[in-house]
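Quick note on numbering: the sequence shown equals residues 3 to 270 in this note's numbering. From the three backbone atoms N, C-alpha and C, an ideal C-beta is built for every residue, glycine too. Take a look at the structure below.
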Amino acid sequence: MSLHQSLTGEGPALPPQIGEAPVALTCDGSTLAVMMATPDDLEDFALGFMLTEGILQHRGELRELEILHHPNGFEARMWLAPEASRRVLKRQRAMVGPVGCGLCGIDSLAKVARDLPSLPDGPCFDPDELAAAPERLRAHQPLHDRTRACHAAGFLVPGRGIVMAREDVGRHNALDKLAGALCQADQNPAEGAVIISSRVSTEMVQKTIALGATALVAPSAATDYALRIALDAGLTLVARGTGRAPCCLSGARRLAGWTSPPARPTLR
3 MSLHQSLTGE GPALPPQIGE APVALTCDGS TLAVMMATPD DLEDFALGFM
53 LTEGILQHRG ELRELEILHH PNGFEARMWL APEASRRVLK RQRAMVGPVG
103 CGLCGIDSLA KVARDLPSLP DGPCFDPDEL AAAPERLRAH QPLHDRTRAC
153 HAAGFLVPGR GIVMAREDVG RHNALDKLAG ALCQADQNPA EGAVIISSRV
203 STEMVQKTIA LGATALVAPS AATDYALRIA LDAGLTLVAR GTGRAPCCLS
253 GARRLAGWTS PPARPTLR
């Protein structure tokens, strides 16, 4: 393998670059957060962020959403119902979040442990369908195919496969975009599984649970804290085990054929 200096004209052309820009999320005239994100599907992103962060309980609490393009970035300008506005004031959270950090702006350790619901039983999943889902997500990543520089989050409905996906340079952002897209399409998250292209971090689990999805599938491993949260909420979590095979680390009761599964059954 050899290296080329693309800018000299002696090697291959400079590859396509993925977009990344500051996106300010403003609520009722005040800045809630500034995130670095790929500036596509920003309405989905703003709505999904508000839902997965627990600021909105449902879409009806978002009175108005407008995407504005400023010289230095983008603004998702939102006007909220009074109850949602009170949640914003209670949090008093103004943060700049780089794409690799989902907890920037949390001002105390206690706030890392969010109050999350226990998940309902939800649908029954085919273990083989879940095991194959991360690879099948690749077919829904045109931006990654062009740039080799972004993550994806998809939504799988049992028996139908991946019905929706969103991409972003940040893995948290991709999940937020998916959450917003599901909400706008009136797709019930409890009816399927979230499929991601990244490792299973704490906030990816928290956002999935807050969204109301009952399963999360990833091609990489989970952190110990993320697994603890998944177990507490009853989330079906499928990730890489000790070998290359994906394993069900929690919530195996939703997998077809396992009425009394072992703690961490191997899927294949």
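Alpha carbon of residue i to alpha carbon of residue j, nearest angstrom
i: proline 84; j: glutamate 63; result: 8 Å
i: glycine 245; j: alanine 223; result: 10 Å
i: arginine 61; j: isoleucine 211; result: 17 Å
i: arginine 201; j: leucine 145; result: 19 Å
i: alanine 217; j: leucine 139; result: 15 Å
i: glutamate 137; j: methionine 38; result: 27 Å
i: alanine 232; j: glycine 156; result: 19 Å
i: alanine 23; j: asparagine 74; result: 8 Å
i: arginine 150; j: alanine 15; result: 15 Å
i: alanine 195; j: arginine 93; result: 29 Å
Nearest-angstrom beta carbon gap, residue j and residue i [assumed within contact, 8 Å]
i: glutamate 169; j: threonine 40; result: 7 Å
i: serine 203; j: threonine 225; result: 6 Å
i: arginine 256; j: glycine 161; result: Not really, about 14 Å apart at Cβ, beyond 8 Å.
DSSP three-state assignment for residue i, whether helix, strand or coil
i: threonine 244; result: coil
i: alanine 83; result: coil
i: isoleucine 231; result: helix
i: alanine 223; result: coil
i: leucine 177; result: helix
i: valine 25; result: strand
i: isoleucine 142; result: With the sequence shown as reference, residue 142 is identified as histidine, and isoleucine is not the correct amino acid for it. In the structure shown, histidine 142 sits in a helix (DSSP, three-state: H, G or I).
i: histidine 71; result: strand
i: glutamate 55; result: coil
i: threonine 33; result: strand
i: glycine 182; result: helix
i: valine 159; result: strand
i: aspartate 46; result: helix
Assigned exposure category for residue i - 16 Cβ within 10 Å defines buried
i: alanine 154; result: buried
i: proline 191; result: buried
i: glutamate 68; result: exposed
i: glutamate 55; result: buried
i: glycine 102; result: In this prediction, glycine 102 scores a pLDDT of 49, lower than 50, which makes its location untrustworthy; the coordinate-derived value is nonetheless stated afterwards. With fewer than 16 other Cβ atoms within 10 Å, it is exposed.
i: glutamate 66; result: exposed
i: proline 17; result: exposed
Evaluate the contact criterion for the stretch 242–260 versus the stretch 120–135: three or more CB pairs, one atom per stretch, below 8 Å.
When C-beta atoms of the stretch 242–260 are compared with those of the stretch 120–135, three or more pairs fall below 8 Å, so the two segments count as touching.
Between the stretch 181–201 and the stretch 22–34, are three or more C-beta pairs nearer than 8 Å?
no
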